[in-house]
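Participant: Here the sequence shown stands for residues 2 to 727, where the numbers follow my numbering. Backbone N, C-alpha and C fix where the C-beta goes; we use that ideal spot for every residue, glycine too. Source: prediction; values computed, not measured. Here's a structure for you.
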Amino acid sequence: EEQWDFVLVSDIHEMGSEKEIKRNKFLDELSKKGFAIKKIEDTKLFYGVRAPPRIFWEYQCLQRKADSRQQNSSAHEDVAETTRIRIVNFILRNTVISNSEKLHDLMKKKVFEAAFPLHKEEEIRERLKDKWTCWRVIFKEEPIKEIRHYFGEKVALYFAWLGWYTYMLMFAALAGLVTVVVGTTVFSSSQVSKEICDANTTFMCPLCDQNCSFWVLSDTCTYAKVTHMIDNEATVAFAISMAFWATVFLELWKRRRASVVTKWNLHMWDEDEEELALQLISDLQHEPQRYQHSYVRSTIILTLALLLIMVLIGIALMLVIYRVVAMALFTQSQVSLLSKHANTMAVMTGAVLHYITILIMTKVNRHVALFLCDLEKPRTLFQQENSFAVKIFIFQFFTHFSSLIYIAFFLGRINGHPGHYVRITGHWRLEECHPSGCITDLFIQMAVIMGVKQAISNIMEFLIPWISHQLRKRRKHSKERSMMLGEEEEAEDPCKRHWLNNYELNEVNVFSLFNEYLEMVIQYSFTTIFVAAFPLAPLLALFNNVIEIPSDAFKMMQLHRRMVPRKAKDIGIWLQILEAIGILAVIGNGLVIAITSDFIPVQVYKYKYSPCTRENSTGMDCSTGYINSSLSVFHIQDFEPHTKVLPEFRGHQITECRYRDYRSADDYTHTAQFWHILTARLAFLILFEHAALCVKLIAAWYIPDVPQRVKNTILCDKHKNLRNEL
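The following block contains the structure:
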């Protein structure tokens, strides 16, 4: 059977047309370099390309010169298929015709439609189908060795990292589940929840200005119980443990990567040397592209990036406005279900709207990031990927988290108070927190976004390639039937069916693997940042990854064309991004506990204002009276003139109502308790972040990045090579 490294696909152009001339020029350039070319005509033109052995001999020679420490007895050993494909792909992409056009330019002008390596029906592919793509092996370790031999080191390292991340998620998911279970034990026994459920005579101020009545605090009993199921002492321990988990996960991954890369003999590999070698093989007269930097260009890129970030923050503010308006409309609705659960409905519909904006802005962010990368003019593909990764992650981070940051740190804190509310356009009041806190709003927002995003993404990521593949096959088969005539057909070339089957698969591009990394890094952000408000995030991530790994494997093996193998010795810039997320997680969870949670106000009340500080506390819950202490009194005659409320409610003549704040009933200024709580919040934030960062630093020091076994192996190899040189 003939072996071909690459296949080029072209439409059948008119004789003498510009496209045909350019196609022939490109093929002539390949022929001059010694490439064998085979043409097969069907509804398209297929050109099989095979590189001459000389190219691979030159590559092996340059590799030995680049790393003279590697002793090779054979001058021309067999070249791995992944290496062949990588070299041929580089030469194809860098072959220039007379008017300085490369394959990329020709594909843009529709001279060529596609260029791809072939899936091979060989033993290793069958092993991958059996050990990787089947659902029965979802709890087994990925066959990294086979993945490397078929897809190259870059894909193998991604799945090695993803497998390790999924394994470590089991511990985080267990800790989150324990935290929720501990919370459920206080679902009905929490003193704070009991006080809210028993507050039958506590009348709260209206939630809107027109046609809204007073309401009884006990009406929100269930909401309060759910809040204290999430917001309890166990949440603090869980947040600290997640900071430790994130550090241990990355440190252990560094050790695992070092072992894998040393086994592959890539610890001394250098990407710049690899690219220079390939450039010289492609063109001996090639001059290296030099490093360059422009402060003007960097300033323009920074300005444009900041503009997009401001747009993303503006979208988050629009979501805030939607929640405010929706809250007002739901509260005044004639439907009792909407009016009774106006806050929850506003939060949930706002979360769905947030998800829709994520879908739209993801496409916008990608185009802007690519444009900024082109403007930056990175020297190599590796630098281009790193630059693109940083930009798209920052844009996606603001897209996903701007609204969550508002709910966590601003909701209910900038809305003013009765008689002096902060309003949007002087009309709609900003939202208020529930008397039991705002953490449930953040919980709902994260649960909806993370759950819906993962579910829909998994379904669409599998269905779209599968449907596209089926449509391409059906379209191709219908064309074949229409071309069949009565006369006897010629014997079919054995390569034809193989090439056609590969062509019918879905296209892959240089950023196909990048998209998988980005999806997992965003998921990791949800799993670590704000995890104090949503302890089930690691569990959702674990379920997603268990499905994601075999799904991705099936797509790569059965639905997509073969990805061009790439050499790599680490996961690149993604490791630095993951470390940055770990630091953000410490800050974010510290802020959630200090500001969003009611943990600090409850502790201040227990040790400063509770009955336990004034009398014998034996057998008494020190949080008794906390709810009454956290609610301020407002006299209804002080409402703003345009506020219309009926002073009578359920047979009671209302003269004053309660609202969540620490203000005096006389002049509505902040009380001493407010300042004590603020001081305690800041003190806890500083202590928590320093303690968590110390834990991270100690864990990073305690766990070496490279195992001693690997260090000793490298040391012995160096010693052996130096002795041989002498």
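To test your reading of the DSSP string, which unbroken alpha helix (DSSP H) runs of 4 or more residues are found completely within the segment 71–129?
Facilitator: Listed in chain order, they are 82–95 and 104–109.
Participant: Please identify the residue among Gly177, Lys195, Leu119 and Ala343 whose C-alpha is closest to the C-alpha of Ile231.
Facilitator: By 1-based counting over the sequence shown, the position of residue 231 is 230. Of the candidates Gly177, Lys195, Leu119 and Ala343, the one whose C-alpha sits nearest the C-alpha of Ile231 is Gly177.
Participant: Give the C-beta separation of Ile41 and Lys497 to the nearest angstrom, bearing in mind that I take them to be a contact with Cβ-Cβ under 8 Å.
Facilitator: Counting from one through the sequence shown, the residue named residue 41 turns up at place 40. Counting from one through the sequence shown, the residue named residue 497 turns up at place 496. About 5 Å; that satisfies the 8 Å criterion.
Participant: Report yes if the C-beta distance between Glu517 and Thr381 is below 8 Å; otherwise report no.
Facilitator: Walking along the sequence shown from the start, residue 517 turns up at place 516. Walking along the sequence shown from the start, residue 381 turns up at place 380. Taking 8 Å as the Cβ cut-off, Glu517 and Thr381 do not qualify as a contacting pair.
Participant: To the nearest angstrom, report how far apart Pro466 and Cys434 are at their CA atoms.
Facilitator: Within the sequence shown, numbered from 1, the residue matching residue 466 stands at position 465. Within the sequence shown, numbered from 1, the residue matching residue 434 stands at position 433. C-alpha separation (whole angstroms): 44 Å.
Participant: Which residues share a DSSP beta bridge with His561?
Facilitator: On the sequence shown, position 560 is the one that residue 561 refers to. According to DSSP, which records beta bridges pairwise, His561 is partnered with Asn507.
Participant: Between the alpha carbons of Glu15 and Arg562, how many angstroms are there, rounded?
Facilitator: Against the sequence shown, residue 15 aligns to sequence position 14. Against the sequence shown, residue 562 aligns to sequence position 561. Looking at the two C-alpha atoms, the distance is approximately 28 Å.
Participant: Taking the continuous beta strand (DSSP E) assigned at Lys697, which residues delimit it?
Facilitator: Numbered from its first residue, the sequence shown carries residue 697 at position 696. Where Lys697 is concerned, there is no enclosing beta strand (DSSP E), although the alpha helix (DSSP H) it sits in stretches over Ala673 to Tyr703.
Participant: Is it right to say Gln524 is buried, meaning 16 or more other beta carbons lie within 10 angstroms of its own, or is it exposed?
Facilitator: Numbered from its first residue, the sequence shown carries residue 524 at position 523. Answer is buried; the Cβ neighbour count reaches 16.
Participant: Determine the DSSP secondary structure at Phe531, reduced to helix, strand or coil.
Facilitator: Walking along the sequence shown from the start, residue 531 turns up at place 530. Phe531 falls in the coil class under three-state DSSP.
Participant: So does the segment 234–245 actually touch the segment 151–166, counting three or more Cβ pairs closer than 8 Å?
Facilitator: Flag = no, the segment 234–245 and the segment 151–166 do not touch.
Participant: For Gly417, list the residues DSSP reports as bridge partners.
Facilitator: Translated into the one-based positions of the sequence shown, residue 417 becomes position 416. Answer by DSSP bridge pairing, in chain order: Tyr422.
Participant: Could you check which residue in Leu514, Lys39 and Val593 has the C-alpha nearest to that of Ile572?
Facilitator: Numbered from 1 along the sequence shown, position 571 holds the residue referred to as residue 572. It is Leu514.
Participant: What first and last residue would you give for the alpha helix (DSSP H) that runs through Val634?
Facilitator: Your numbering for residue 634 matches position 633 in the sequence shown. Counting along the chain, Val634 falls outside any alpha helix (DSSP H), though it belongs to the beta strand (DSSP E) covering Leu632 to His636.
Participant: Cβ of Glu657 within 8 Å of Cβ of Phe635?
Facilitator: Taking the first residue of the sequence shown as 1, we reach residue 657 at position 656. Taking the first residue of the sequence shown as 1, we reach residue 635 at position 634. Going by C-beta atoms, Glu657 is nearer than 8 Å to Phe635.
Participant: Given a threshold of 16 other Cβ atoms within 10 Å of its Cβ, counted over all protein chains shown, does Leu579 qualify as buried or as exposed?
Facilitator: In the sequence shown, counting from the first residue as 1, residue 579 sits at position 578. It counts as buried.
Participant: Identify every run of the alpha helix (DSSP H) within the segment 287–359, keeping only runs that are complete inside it and at least 4 residues long; order them along the chain.
Facilitator: Counting only runs of 4 or more, we get 296–332 and 337–341.
Participant: In whole angstroms, what separates the C-alpha of Trp254 from that of Met564?
Facilitator: Looking up residue 254 in the sequence shown gives position 253. Looking up residue 564 in the sequence shown gives position 563. Taking the straight line joining both Cα atoms gives about 25 Å.
Participant: Between Arg1 and Phe685, what straight-line distance do the alpha-carbon atoms span, to the nearest angstrom?
Facilitator: The chain is shown only over 2 to 727; residue 1 falls outside these bounds and no answer can be derived.
Participant: Helix, strand or coil, according to DSSP, for Tyr403 in the structure here?
Facilitator: Indexing the sequence shown from 1 puts residue 403 at position 402. It is worth fixing the name first, because residue 403 is Ser in this sequence and not Tyr. Looking at Ser403 - three-state DSSP - the assignment turns out to be helix.
Participant: Taking C-alpha atoms, which residue in Leu683, Tyr504, Ile460 and Leu541 lies nearest to Leu170?
Facilitator: Taking the first residue of the sequence shown as position 1, residue 170 is located at position 169. Here the closest residue by C-alpha is Leu541.
Participant: Tell me the DSSP bridge mates of Ile41?
Facilitator: In the sequence shown, counting from the first residue as 1, residue 41 sits at position 40. According to DSSP, which records beta bridges pairwise, Ile41 is partnered with Phe47.
Participant: Expressed to the nearest angstrom, what Euclidean distance is found between the alpha-carbon atoms of Asp599 and Pro551?
Facilitator: Position 598 of the sequence shown, counted from the first residue, corresponds to residue 599. Position 550 of the sequence shown, counted from the first residue, corresponds to residue 551. So the two alpha carbons sit approximately 42 Å from each other.
Participant: According to DSSP, what are the bridge partners of Met205?
Facilitator: Start at 1 with the first residue of the sequence shown, and residue 205 comes out as number 204. Beta-bridge pairing links Met205 to Trp216 and Arg659.
Participant: Evaluate Ile400 with the Cβ neighbour count: other Cβ atoms within 10 Å of its Cβ, from every protein chain shown; 16 or more gives buried, anything less gives exposed.
Facilitator: If you number the sequence shown from 1, residue 400 lands on position 399. Note on identity: in this sequence residue 400 is Thr, with Ile being the wrong assignment. That one is buried.
Participant: Starting from Ser437 and walking both ways along the beta strand (DSSP E), at which residues does that stretch end?
Facilitator: The residue labelled residue 437 in the question sits at position 436 within the sequence shown. Counting along the chain, Ser437 falls outside any beta strand (DSSP E), and DSSP gives it neither H nor E.
Participant: Would the segment 319–326 and the segment 343–354 be scored as touching if the rule is three or more Cβ pairs under 8 Å?
Facilitator: Touching, yes.
Participant: Using the three-state DSSP reduction, which class does His653 fall into: helix, strand or coil?
Facilitator: By 1-based counting over the sequence shown, the position of residue 653 is 652. In this structure, His653 counts as strand in the three-state DSSP scheme.
Participant: Which value, in whole angstroms, describes the spacing of the CA atoms of Gln455 and Tyr168?
Facilitator: Working through the sequence shown from its first residue, we reach residue 455 at position 454. Working through the sequence shown from its first residue, we reach residue 168 at position 167. Cα to Cα, the separation comes out at about 18 Å.
Participant: Taking C-alpha atoms, which residue in Leu371, Val227 and Asp375 lies nearest to Thr345?
Facilitator: Counting from one through the sequence shown, the residue named residue 345 turns up at place 344. Answer by Cα proximity: Val227.
Participant: Using beta-carbon positions only, say whether Ala235 and Thr185 come within less than 8 Å of one another.
Facilitator: Walking along the sequence shown from the start, residue 235 turns up at place 234. Walking along the sequence shown from the start, residue 185 turns up at place 184. Not in contact: Ala235 and Thr185 (Cβ atoms no closer than 8 Å).
Participant: Quick check: the Cα distance between Cys213 and His342, rounded to an integer number of angstroms?
Facilitator: For this step, residue 213 is matched to residue 212 along the sequence shown. For this step, residue 342 is matched to residue 341 along the sequence shown. Those two C-alpha atoms are separated by around 14 Å.
Participant: Whose C-alpha, out of Ala554, Leu519 and Gln674, is nearest the C-alpha of Ser611?
Facilitator: Within the sequence shown, numbered from 1, the residue matching residue 611 stands at position 610. Taking only the C-alpha atoms, the option nearest Ser611 is Gln674.
Participant: Going by CA-CA distance only, name the one from Thr332, Phe7 and Met328 that's closest to Val348.
Facilitator: For this step, residue 348 is matched to residue 347 along the sequence shown. The shortest C-alpha separation from Val348 is found at Met328.
Participant: Assess contact between the segment 124–142 and the segment 18–35, defined as three or more Cβ pairs (one per stretch) separated by less than 8 Å. Is contact present?
Facilitator: The segment 124–142, when compared against the segment 18–35, does not touch it at the 8 Å Cβ threshold.
Participant: Among Ile148, Tyr504, Ile574 and Pro495, which residue has its Cα nearest to the Cα of Glu114?
Facilitator: Sequence index remark: in the sequence shown, residue 114 carries index 113 (1-based). Closest option to Glu114, Cα to Cα, is Tyr504.
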